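Residue numbers (the working numbering): -3 to 153.
To keep things clear, I will list the structure first and then write my remarks on it.
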Amino acid sequence: MAPLEPWNATRAAGIVAELQTLEGATLPILHALQETFGYVDAEAVPMIADALNLSRAEVHGCLTFYHDFRREPPAGRHHVKLCRAEACQAMGCDRLHGEILSRMGCDWHGTSADGVTVEPVYCLGLCANAPAALIDDEPLARLTADSLDAALKETRA
């Protein structure tokens, strides 16, 4: 994962300009902004709307509809997304998540003392290998609390 840049409107405008000619450019722009800055700043909404000839409400609606987009800078150095969809629930994720959150010493959307932010997501598409998670956007299947600990240790190395 590349280091995140601090929010910069000029850099963001360059990203928007570079991608605005793509068909269905809204999502690629939002993804590129989040990949660069770790979130989509509110200042980007009118910038994207103007570039794509959309209303600010349309861009805001897209940004808020998809739960994967952050509207604030990330709190932790690393991010864990734990799947809470039906297949993962059938494989005991509720109990597992309780153990993971307890070990991390935080709750959903919280950040552990060692800088790991944990968020719930609904379906990572790894249903056949449930329970599943993403660590800094890398998939982890057949998740256990111990396998998550090991993967986080490896990520920090």
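For each residue, glycine too, the CB sits at the ideal point set by N, CA and C.
Being a predicted model, the structure only gives us computed values, none of them experimental.
Query	Result
Let me know the alpha helix (DSSP H) ranges lying completely inside the segment 82 to 106, each 4 residues or longer, listed in chain order.	82 to 86, 89 to 100
Would you check if the distance between the CB atom of A13 and the CB atom of A47 is smaller than 8 Å?	yes
Short of 6 Å in beta carbon distance, which residues of its chain neighbour A137, apart from the five on each side in sequence? Order them along the chain.	L122, N125, A128
Taking Y35 and E68 to be in contact with their CB atoms under 8 Å, please state how far apart those CB atoms are, rounded to whole angstroms.	6 Å
Does the CB of E14 have a neighbour CB from chain E at under 8 Å?	Looking for chain E here will not work: only one protein chain is present.
Does the separation of the CB atoms of D132 and T151 fall below 8 Å?	yes
Which of the three DSSP states, helix, strand or coil, is assigned to C79?	strand
Taking the straight line between their C-alpha atoms, what separation do you get for W199 and A40?	Because the chain in this structure spans residues -3 to 153, residue 199 falls outside the shown range and cannot be described.
Counting along the chain, where does the alpha helix (DSSP H) carrying P24 start and finish?	22 to 33
Going by beta-carbon coordinates alone, are D103 and L97 separated by less than 8 Å?	yes
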